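Report on one structure; see the data block that follows.
In my numbering, the protein residues as written are 911 to 1070.
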């Protein structure tokens, strides 16, 4: 009977171990299902995050494309402005060169005008001196003529 009791006891222990093993297996399965559910939830959150990031990336890429277009437009405008600046600088240099030439011509014209004015002053002075000399000579000749007329008048009076 003791062997029978031991057998019953062993069967009972075996049954308890099987039940415990089943419970442990069920707990492990529940834990695995819970872990799998958490992993699936995390995976779905990651997929959602990925989708959101892809949308944001798409928006940023579009903004980047627009910004690049704006940069290209601005660079084109800068090139045009630089060309205009260069043309303006060249025009300014040309005008400065023309100004220097005109100033030189004005100085030469002023010099010639001063020389002409000085020449006119000298010529006027020379003519005035010649006129004064000729007026004195005319006066002298008139005086001589008056004297000669008197002398002739006297000579004619003597002859008569």
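The beta-carbon is built from N, C-alpha and C at its ideal position, and this holds for glycine as well. Keep in mind that this is a model prediction, so the values were computed, not measured.
Reduced DSSP secondary structure (H/G/I, E/B, other) of residue 1030 | helix
Pull up the distance between the alpha-carbon of residue 965 and that of residue 1003, whole angstroms please.
-> 56 angstroms
Using a threshold of 6 angstroms, is the CB atom of residue 986 nearer than that to any non-hydrogen atom of the ligand MG?
-> Of the ligands one can find in the structure shown there are none, so the ligand MG has no counterpart to examine.
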